[in-house]
Every structure is written in structure tokens, then in C-alpha cells.
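Data block below; observations after.
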Amino acid sequence: MSGGVDSAVAAARAVDARHEVTGVHLALSSAPASLRQGARGCCTLEDARDARRAADVLGIPFYVWDLAERFRAEVIE
């Protein structure tokens, strides 16, 4: 879950359809602001908090996967 509306609505629809749903937020940087451009981007602590709030409202488990080092090594570099 990114913390945005699209992933929250997708999760809500899956819950409504009685699927087993788990929320996962990918932490792609130890300094998320370095990945952002413009007023709104992805991957910030605020985004993770928004995703967790959506998962809490939906009553689904939520996890943050820290992939910062792997993302840096395999994508950025």
C-alpha cells in the first residue's frame, strides 16, 4: 500500500469481496525525501503512516518491508 487513494480503495474493495487482505508498504529509501520530486511523491514516512491508517480502518494486517538497501543496489546504482 502506497499511502494513496488507489491502493486504499483496492484494499477496501478486496475486503468487501471477502478476500483475505494484507497491507504491505515498501520502504525504498532510508532518506525518502531524496526520491521525491514535486509537492507529492512516494515513499515518505507520511505515506507509510497513511497506508497504516487505511489498513487500520479496514481491519487488515499491515507490514512495512524495508527494501532500501536492495533498491539502492539493484535500481539506483
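In numbering that gives the first Met the number 0, the protein residues as written are 0 to 76. Ideal placement from N, C-alpha and C gives every residue a C-beta, glycine not left out. Predicted model only: the values in this text are computed from it and were never measured.
Assigned secondary structure, A4 (DSSP; H/G/I helix, E/B strand, else coil): In the sequence shown, counting from the first residue as 1, residue 4 sits at position 5. One point to set straight first is that residue 4 is Val, not Ala, in the sequence displayed. V4: helix per DSSP, three-state reduction.
For A53, the three-state DSSP class (helix, strand or coil): Taking the first residue of the sequence shown as position 1, residue 53 is located at position 54. In this structure, A53 counts as helix in the three-state DSSP scheme.
Residue(s) in a DSSP beta bridge with A26: The count along the sequence shown starts at 1 and reaches residue 26 at position 27. According to DSSP, which records beta bridges pairwise, A26 is partnered with D65.
Residue burial classification, H18 (beta-carbon count within 10 angstroms, cutoff 16): For the purposes of this step, residue 18 is taken as the residue at position 19 of the sequence shown. Per the 10 Å Cβ criterion, exposed.
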